[in-house]
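See structure below.
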Amino acid sequence: MGVNLLQYNKFKIYYLRINKYSMGCSNNKKPYYLESEAQEALIRSNIRFVKAAVNYYVCDQCSEYHLTSKGETNLLLNDLSIKERINKERQLQDWSESFGRR
Ligand SMILES: [Zn+2]
Numbered sequence: 017m018g019v020n021l022l023q024y025n026k027f028k029i030y031y032l033r034i035n036k037y038s039m040g041c042s043n044n045k046k047p048y049y050l051e052s053e054a055q056e057a058l059i060r061s062n063i064r065f066v067k068a069a070v071n072y073y074v075c076d077q078c079s080e081y082h083l084t085s086k087g088e089t090n091l092l093l094n095d096l097s098i099k100e101r102i103n104k105e106r107q108l109q110d111w112s113e114s115f116g117r118r
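Last residue of the sequence shown: number 118 in this note's numbering, and the count goes up by one each step with no gaps.
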C-alpha cells in the first residue's frame, strides 16, 4: 500500500511537470509542488512584505499551488505560533537591513 502510494505520487509529479510544459501557466506566478511549500512561502511572504499574500490556492491551469493576496486569509496566519514566528523574523530582518546599510 505504501509503495503504491509512493508510485502514485511519483507519477502525479511526473504528470504535472509534463502538463506544465505543454500547457504553461499564464499568470506567471511561482508554482509550488507541495502544499507544505506553499504554506512556507505564504509565511515568508508575510515576513518580507507589508502587502503580503494572504492565502494559497490550487491553480486550474498548472495544477500546482500559487500564492494570492486576494480573498480570505488562510487560518495558518491566525495561528499564534506562526504569528510569533513572523513577528520575530520581521524584527531580525529589520535589524539586518539597517545594519547592512551602514
Ligand atoms: Zn498555475
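Every residue gets a Cβ at the ideal spot worked out from N, C-alpha and C, and that includes glycine.
Rounded C-alpha distance that separates residue i from residue j
{"i": "residue 109", "j": "residue 75", "result": "31 Å"}
{"i": "residue 25", "j": "residue 57", "result": "22 Å"}
{"i": "residue 22", "j": "residue 103", "result": "37 Å"}
{"i": "residue 55", "j": "residue 67", "result": "17 Å"}
{"i": "residue 86", "j": "residue 73", "result": "11 Å"}
Which listed residue (the options) has its alpha carbon closest to that of residue i
{"i": "residue 53", "options": "98, 80, 107 and 115", "result": "80"}
{"i": "residue 70", "options": "64, 113, 63 and 89", "result": "89"}
{"i": "residue 96", "options": "20, 107 and 59", "result": "59"}
Close-in-space but distant-in-sequence residues of the same chain around residue i (CB under 8 Å, 5 per side omitted)
{"i": "residue 122", "result": "Outside the modelled stretch of the chain, which goes from 17 to 118, sits residue 122, for which no answer is possible."}
{"i": "residue 14", "result": "Nothing about residue 14 can be read from this structure; the chain reaches only from 17 to 118."}
Assigned exposure category for residue i - 16 Cβ within 10 Å defines buried
{"i": "residue 62", "result": "buried"}
Beta-carbon proximity list for residue i, same chain, < 6 Å, skipping 5 on both sides
{"i": "residue 91", "result": "none"}
Own chain, CB closer than 7 Å to residue i, minus 5 neighbours either side, in chain order
{"i": "residue 41", "result": "47, 75, 77 and 78"}
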